[in-house]
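The C-terminal residue of the sequence shown carries number 670 in UniProt numbering, and the numbering is unbroken.
Cβ atoms here follow ideal geometry from the backbone N, Cα and C, with glycine treated the same way.
Here is the structure we will look at.
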Amino acid sequence: MKMKISRNYVYYLKTSGVCVTVIGAGWFLYQLRQISRIVRSTVNTDVLNLEQTQAQYIYIDDPRFKNIFMFGKDEDLKESASEKPRSFSRALAQWWKIKNHKLAYKLLHMAQKGETERFKAVTVLNSLMYHGLAQMMDAKTAVALARMPDANSRFFLQPPYYHVQYNLHDILEKVHSLLLHLNSLCDNAHLCLTQFLNSKFKDSPRYLIGLFDHDLSSVSHSVESTTVWDNELLKNCVGAICHHSSMEEYSKHLVDAGALPLLIAIEKMCGDDVEVCILLARILSNVSLHSEYLGSIYESGWIGILSRWSRSDDIRLSAQAICALANLDGDENEGAKYPQRIYLLHPSHRAHVATKMDVVFLHGLLGGVFVTWRQRDVDSSAPRAIDDASSKMDYLSTMIDDDRPQEFFKDLARDLHLREWRKIGHDFEVVLDDCPQDMNASASGPFSCRGDDACMEDDLESAPKTRCWPKDWLPMDIPFLRIIGINYDTSLSMWTPFCPIESTKSTIRERSEDLVARLRMANLGQRPLVWVGHSMGGLLIKKMLVEEWKTGDRHDICKNTKAILFYSTPHRGSHVAALKQTTQMLVWPTVEVQELREESPQLLKLNEEFLQMLETYRIDIVSFTETKPTPVTALKFPLQFVSCPSADLGVGEFFQIPQDHLSICKPASR
């Protein structure tokens, strides 16, 4: 009996010892884990792994490893993890990581090799990002991702050798060598480049005067002073490269001469100078017309930079980058190209909505895409139907004793103002901006709206001003449009220096032929089309359509034209362009100015042929004309550029708008 009791004591003792040991071990491990957490939160242990930072570029030359991730099995991905998970949470994380990698590999393969599902794969891939995809990217997929509305910047590696530091003198030496090489590749045929080298680098020991055989006395004058090698010279050199690349036959020379890595170095040095960035983006846009150089552009690291520029707040920079990426994205654009002076205003990125109509905007004399079509400046002297809420903000801030910031009172005053207007707005009839002073029988309204209308609420909202209302406002109402803006250089006097190669394209006919060729590269004429022209731009539209009509409309441009909007277009010329013989000798007006004179035979013939064309093709016409004189020169001398009889085509709707020649095409609000 005693033996049995002693055995029970030993059993209980052993059991208790085991329990105490297990509990003690657990408590010790818990305390050790807590101490480890405290130490990790206090001391940064990542400094021990500085030598294990991830490299951006991993070069594998062995062809056996090509597409290894594309065709590997699930077991291959699981076996790649040599270290076994230590806990359930780590095992779950490891499993989730493998599944994400597997999905990313499949999406990347679909984006690279797929046909019908390529667009969807790129869209999903953009939202599923991890570091390995950037190193596995190909050029076409990178461009497709760069054109996504919310492109992830981690898809694009930094340019090779981006870490190398260059000083200004080294960059200028390389740029000088590049310009000399470009001049030799074109056999000294581009006089502008030859003259630039002759004037800017004449004192350089590497410059050989004997290379240039042309007589430059009629082009410009040489600079006698010694050139200073500074940032201004670098900017001038980038401008010379940009001008040289504007010639399609010369833009290929840039890649052949190795200019892309050098331009990367310039971008790194002058990235804060938006003017230099605009020139660089224009160069890339010119080179992007040649699809065979897509690989070179991608390998030099430009895709990521263009993607970042396409989202710039400066519309001049973003427009150039958008065109460059659109030219490189051949699969999405059905082969459409946007050469120099042709801007893709919408869609800025890859669109999920199919394009159903094209709208083309042409500015007038001395205008521009981002000058002519901007929002009108608010006239502070004009009476307003709705009072500003800023005065109420000051009243509220004095009535309420509070330490809140001024922004709070601004928002509060704005909310009270909107709430008050919603209550009484239905009792008011508000006349809209630019209500016509007169119109013909074909024209109609309405020209007013109720105070509580949606358009009034949009006007009350303090939206930022737009630099290009076709780009920002039209897609909000009609998202399936493709909007194109056209730029062309004009001048008032022949005393202005011209490029010897481009100066011949100055008449309306020559310009229209050049613009049709450029628009055909953008696949214009394949869908319904609307034209919008201001001043001389309307004459160019008429000339393009008439010439297409005469040649049998071989590009279907006349057939697909549904409407034309003319803003102060001088169909019969302008009396401003009529200069006396003595004045002409002093001013030496350009050809375009001479063609715009009142009752010009060329314009009268063009108008007659255009009316004949309208008998064949049904095209809706809407014309607007100015009624206010335009203040010109520093003395604000009033001058009406286009008279009402000259702006009235005689067909379609005709409105007389109380605005001057410059502001008639600039809306006050959306």
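Item                                                                                                                                                                                        : Value
Can you find the residues in the same chain that come closer than 7 angstroms, C-beta to C-beta, to SER512, ignoring five residues on each side of it along the sequence?                   : LEU540, LYS543, MET544, GLU547
How should GLU224 be labelled, buried or exposed, when 16 other C-beta atoms within 10 angstroms of its C-beta is the threshold for buried?                                                 : Here the model assigns GLU224 a pLDDT of 45, short of 50, so the residue's position is not dependable and the matter cannot be decided.
Is the stretch 293 to 303 close to the stretch 194 to 204, with three or more CB pairs under 8 angstroms?                                                                                   : no
What span of residues does the beta strand (DSSP E) with HIS346 cover, start to end?                                                                                                        : 342 to 346
Note down the Cα distance separating ARG572 from HIS243, rounded to an integer number of angstroms.                                                                                         : 35 angstroms
Please report the distance separating the alpha-carbon of residue 705 from that of LEU279.                                                                                                  : This structure cannot speak to residue 705, because the chain is shown only from 1 to 670.
Since ILE486 and LEU515 are thought to touch, with beta carbons under 8 angstroms apart, how far apart are those beta carbons, to the nearest angstrom?                                     : 6 angstroms
Of the residues ARG482, ARG282, TYR488, which one's Cα is nearest the Cα of GLU267?                                                                                                         : ARG282
Rounding to the nearest angstrom, what Cα-Cα distance links GLY335 and SER291 in this structure?                                                                                            : 10 angstroms
So for PRO601, helix, strand or coil by DSSP?                                                                                                                                               : helix
Determine the extent of the beta strand (DSSP E) in which ILE664 is found, giving its start and end residues.                                                                               : Run containing ILE664: none; DSSP gives neither H nor E here.
In terms of residues, what are the limits of the alpha helix (DSSP H) holding GLY451?                                                                                                       : Premise fails: GLY451 is in no alpha helix (DSSP H) and is neither H nor E.
Is it true that the CB of LYS356 sits closer than 8 angstroms to the CB of ARG527?                                                                                                          : yes
Kindly list the residues whose CB is nearer than 7 angstroms to the CB of ALA142, restricted to its own chain and excluding five residues on each side of it in sequence; keep chain order. : PHE155, PHE156, TYR298, ILE303
Write down the C-beta distance between TYR338 and ALA522 rounded to the nearest angstrom, noting that I regard them as a contact closer than 8 angstroms.                                   : 6 angstroms
In terms of alpha-carbon separation, which member of ASP358, PHE370, LEU145 lies closest to ARG341?                                                                                         : PHE370
What separation, rounded to the nearest whole angstrom, lies between the Cα atoms of ASN198 and TYR161?                                                                                     : 32 angstroms
Taking buried to mean at least 16 other C-beta atoms within 10 Å of its own C-beta, is HIS352 buried or exposed?                                                                            : exposed
Which stretch, first to last residue, makes up the alpha helix (DSSP H) that contains ALA281?                                                                                               : 274 to 287
Which runs of the alpha helix (DSSP H) spanning at least 4 residues fall entirely within the stretch 164 to 193, listed in chain order?                                                     : 168 to 185
Could you check what DSSP says for HIS534 in three-state terms: helix, strand or coil?                                                                                                      : strand
I'd like the list of long-range same chain contacts for ASN560, defined as Cβ closer than 6 angstroms, with 5 residues on each side in sequence excluded.                                   : GLY525, PRO528, LEU529
So what does GLY485 bridge to, in DSSP terms?                                                                                                                                               : TYR343, PHE361
For LEU211, count the other beta carbons within 10 Å of its own beta carbon; 16 or more makes it buried, fewer makes it exposed. Which is it?                                               : With a pLDDT of 40 at LEU211, under the threshold of 50, the predicted position of this residue should be treated as unreliable, and no value is reported.
PHE28: buried (16+ other C-beta within 10 angstroms of its C-beta) or exposed?                                                                                                              : exposed
So, under 8 angstroms CB-CB, GLY652 and SER442 are touching, yes? Tell me the CB distance rounded to an integer number of Å.                                                                : 6 angstroms
Here's a check: name, in chain order, each residue in its chain whose Cβ is nearer than 7 angstroms to the Cβ of ARG311, leaving out the five neighbours to either side.                    : SER318
If we count the other Cβ atoms within 10 Å of its Cβ and call it buried at 16 or more, is ASP329 buried or exposed?                                                                         : buried
Let me know the secondary structure DSSP gives MET439 once reduced to three states.                                                                                                         : strand
Between LEU178 and the rest of its own chain, which residues show a CB-CB distance below 8 angstroms, the 5 nearest in sequence each way excluded?                                          : ILE241, ALA257, GLY258, ALA259, LEU262
For VAL360, which residues of its own chain have a beta-carbon under 6 angstroms away from its beta-carbon, when the five flanking residues on both sides are left out?                     : ILE484, TRP531
Within 8 angstroms (strictly less), CB to CB, does ASP256 reach chain C?                                                                                                                    : Here chain C cannot be found, since the structure has a single protein chain.
Can you give the Cα-Cα distance for LEU13 and SER89, rounded to whole angstroms?                                                                                                            : 37 angstroms
If you check the beta carbons only, do PHE566 and GLY533 fall under 8 angstroms apart?                                                                                                      : yes
Which residue or residues does DSSP assign as beta-bridge partners of ASP620?                                                                                                               : ALA563
Return the Cβ separation of PRO159 and GLY301 in integer angstroms, given the expectation that the two are a contact with Cβ distance under 8 angstroms.                                    : 3 angstroms
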